[in-house]
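First comes the structure, then the notes that go with it.
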Amino acid sequence: MGDAHSRGRGAPRDPEQAFLWWRDAAERGHVQAMITLGIILTIGCGTPKDRDQSRYWLKRAGREGDKTTRSMLAKAYAEMRRNLRGRKWE
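According to this note's numbering, the stretch in the sequence shown is residues 456 to 545, in order.
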């Protein structure tokens with residue numbers, strides 16, 4: 456249902472409803488829902504942006520064995536470290 460509400464296929468397009476469905480599926484252990492929820496929370500679609508919750512769900516998906524998510528998190532942390540080093544010189 457999260458996908459249906461996200462895309463407007465088979466249900467009215469409703470980002471807020473989609474968020475609720477994705478969150479429910481993620482809480483029940485669905486790894487793809489965890490990934491989608493992490494992305495939704497990063498961009499703030501149907502819910503306010505929440506980087507902490509985004510990281511939580513992406514980390515949880517990684518702990519469940521999703522290799523793509525682990526790679527995404529590694530790249531994000533590397534980028535954060537580069538940004539922090541660069542700010543020291545501003």
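Yeah, the Cβ is synthetic: ideal placement off N, Cα and C, and Gly gets one too.
With 16 other Cβ atoms within 10 Å as the buried cut-off, status of residue i
i: ALA533; result: exposed
i: SER509; result: buried
i: ALA481; result: buried
i: ALA488; result: buried
i: THR524; result: buried
i: ARG506; result: exposed
i: ALA529; result: exposed
Integer Cβ distance of residue i from residue j, believed to fall under 8 Å
i: LEU513; j: ILE490; result: 7 Å
i: GLY493; j: ALA516; result: 7 Å
Inter-residue Cα distance where the pair is residue i and residue j
i: MET527; j: LEU475; result: 24 Å
i: LEU496; j: GLU471; result: 12 Å
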